[in-house]
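Residue numbers for the sequence shown follow the numbering used here, beginning at 5 and rising by one.
Structure first, then comments.
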Amino acid sequence: MKYGLLISAQHSPTEDFAEKVRQHAEQVATAYAYGLDSVFFAHHALANPYAYFHPLALLARLAAEGPRMIFGTGVLILPLYHPVDMAEHVATLDAICGGRLVLGVGLGYRDNEFAAFGLKRSARVQRFEESLALMKKLWTEDSVTFQGEHFQVENVTTKTRPVQKPHPPIWIGAKKDVAVERAARLGDAWIITPTDELQQVQRQVKLYRDARVAAGKSGDPEIAMIAETYVAPDRTAARGEAEPYLRNKYSAYAQWKRRSGEQVDDYYNMEQLLTDRFIIGNPADCIRAITSLHAALGVNHFLFRVQWPGIEPAKVLRTIRLIGEAVIPALKSEISR
Numbered sequence: 005m006k007y008g009l010l011i012s013a014q015h016s017p018t019e020d021f022a023e024k025v026r027q028h029a030e031q032v033a034t035a036y037a038y039g040l041d042s043v044f045f046a047h048h049a050l051a052n053p054y055a056y057f058h059p060l061a062l063l064a065r066l067a068a069e070g071p072r073m074i075f076g077t078g079v080l081i082l083p084l085y086h087p088v089d090m091a092e093h094v095a096t097l098d099a100i101c102g103g104r105l106v107l108g109v110g111l112g113y114r115d116n117e118f119a120a121f122g123l124k125r126s127a128r129v130q131r132f133e134e135s136l137a138l139m140k141k142l143w144t145e146d147s148v149t150f151q152g153e154h155f156q157v158e159n160v161t162t163k164t165r166p167v168q169k170p171h172p173p174i175w176i177g178a179k180k181d182v183a184v185e186r187a188a189r190l191g192d193a194w195i196i197t198p199t200d201e202l203q204q205v206q207r208q209v210k211l212y213r214d215a216r217v218a219a220g221k222s223g224d225p226e227i228a229m230i231a232e233t234y235v236a237p238d239r240t241a242a243r244g245e246a247e248p249y250l251r252n253k254y255s256a257y258a259q260w261k262r263r264s265g266e267q268v269d270d271y272y273n274m275e276q277l278l279t280d281r282f283i284i285g286n287p288a289d290c291i292r293a294i295t296s297l298h299a300a301l302g303v304n305h306f307l308f309r310v311q312w313p314g315i316e317p318a319k320v321l322r323t324i325r326l327i328g329e330a331v332i333p334a335l336k337s338e339i340s341r
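So, in structure tokens, the structure goes:
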């Protein structure tokens, strides 16, 4: 089992951005000091009403705060970018991280992101698959020719190669069945989103494992889960302190999805999310929730998202410290039984 921090660097556009970078550096340094294993960085473009730091730049700055930690993107919207550029970005980041980078990628879902990049959202799956295929060739072959629908190169070579061989692990965020099967076929791990119903995910875990076998992959898969997490000494205080920020965040997410034509009334049932999916409470509550998710789903890498727009930095750091002091040691004992 591994435990990590997921940083969604969303902030009010009126805040001091340089100070926010300093706060994120303190979060990573605290996570490292308290024994967390990893730090991942989320991604959106044009994320109104919030400002959103780009994960690749932020990762490059903050990697120095966590020597020996795993660093990753969770997830980068891969279809927005050209794979030649991204292959060299990723190789550079892997060197910055000392060969401990994870490339977490996903399709994206917001129409305005694709439109702003001059792309059609309907082409995202094909761009995604072509990007991964071309990037892997660039990382491993000396002369690359690739003729896809969206990307073409003829006899090109990059000497900017990742430290990890053949390349950094590729983790894929997926929600729908077809995307879960794609993650099994093309990736090294599946990242579960923080809002899916438990019964749906239980079914999809079997789907994922079966699809891996069908793709000729063996061994116990890595399954990661993003979890909205807030820990406080008192259960009632924990919910009261976290709920306003989570409601504001998911209200913005619901608006994004509505603009893309998706039905979100059930998807963002906040009472159900706060009760059944988010990990909020005192340390004992959080230990029970994580133990239950591990037993039900086989999740072996939890990514705790502990910071949302507007929340006080001191409360974020308290959650990280409590996870390290009171939650992880108990989980190591509980889950190893």
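Think of the CB as a built atom: it goes at the ideal place given N, C-alpha and C, for glycine as much as any other residue.
May I ask which residues mark the beginning and end of the beta strand (DSSP E) holding residue i?
i	result
R165	Where R165 is concerned, there is no enclosing beta strand (DSSP E), given that its DSSP letter is neither H nor E.
A193	A193 to I196
I174	I174 to G177
L105	L105 to G110
Ends of the alpha helix (DSSP H) at residue i?
i	result
T34	F21 to A37
F155	First-last for F155: undefined, no H or E at that position.
F118	D115 to A120
T3	Here the chain has residues from 5 to 341 only, and residue 3 is not among them.
R189	D181 to L190
A333	Inspection of the sequence shows that residue 333 is occupied by Pro rather than by Ala. Run containing P333: I332 to I339, per the alpha helix (DSSP H) assignment.
By Cβ distance below 8 Å, which residues in the same chain neighbour residue i in space, the five residues on each side in sequence not counted?
i	result
V157	V88, L138, V148, T149 and F150
A55	Q14, H15, S16, P17, E19 and F21
R341	Here the model assigns R341 a pLDDT of 49, short of 50, so the residue's position is not dependable and the matter cannot be decided.
I227	A193, W194, I196, V209, Y212, L301, G302, V303, N304 and H305
G70	V32, A33, A35, Y36 and V43
D146	T161
M229	I195, I196, P198, L297, L301, V303, H305, F306 and L307
N252	W312, P313 and G314
Bridge partners of residue i, per DSSP?
i	result
I11	F45
V148	V160
K6	H305
Quick one: what's got a C-beta closer than 7 Å to residue i's C-beta in the same chain, skipping five residues either side?
i	result
L277	T199
R130	The amino acid at residue 130 is misidentified as Arg; the sequence shows Gln. E153 and H154.
V320	Q31, V310 and Q311
R216	A188 and P225
A334	I291
Identify, in the order they occur along the chain, each residue of the same chain with its Cβ nearer than 6 Å to the Cβ of residue i, setting aside the five sequence neighbours on each side.
i	result
S337	none
G177	V79, G110 and I195
T323	Y234, V235 and V310
T295	E338
If you pair each beta-carbon of the segment 106 to 118 with each one of the segment 80 to 87, do three or more pairs fall below 8 Å?
yes
Continuous alpha helix (DSSP H) assignments of at least 4 residues falling wholly in the segment 200 to 239:
202 to 218
Segments of 3+ residues assigned as beta strand (DSSP E) that fall wholly inside the segment 269 to 317:
283 to 285 and 305 to 309
Which runs of the alpha helix (DSSP H) spanning at least 4 residues fall entirely within the segment 48 to 92, listed in chain order?
59 to 66
Tell me, please, whether the segment 326 to 341 touches the segment 229 to 236 by the rule of three or more beta-carbon pairs shorter than 8 Å.
yes
Examine the Cβ distances between the segment 28 to 36 and the segment 60 to 76 and report whether three or more of them are shorter than 8 Å.
yes
Below 8 Å, can you find three or more Cβ-Cβ pairs linking the segment 180 to 193 to the segment 204 to 211?
yes
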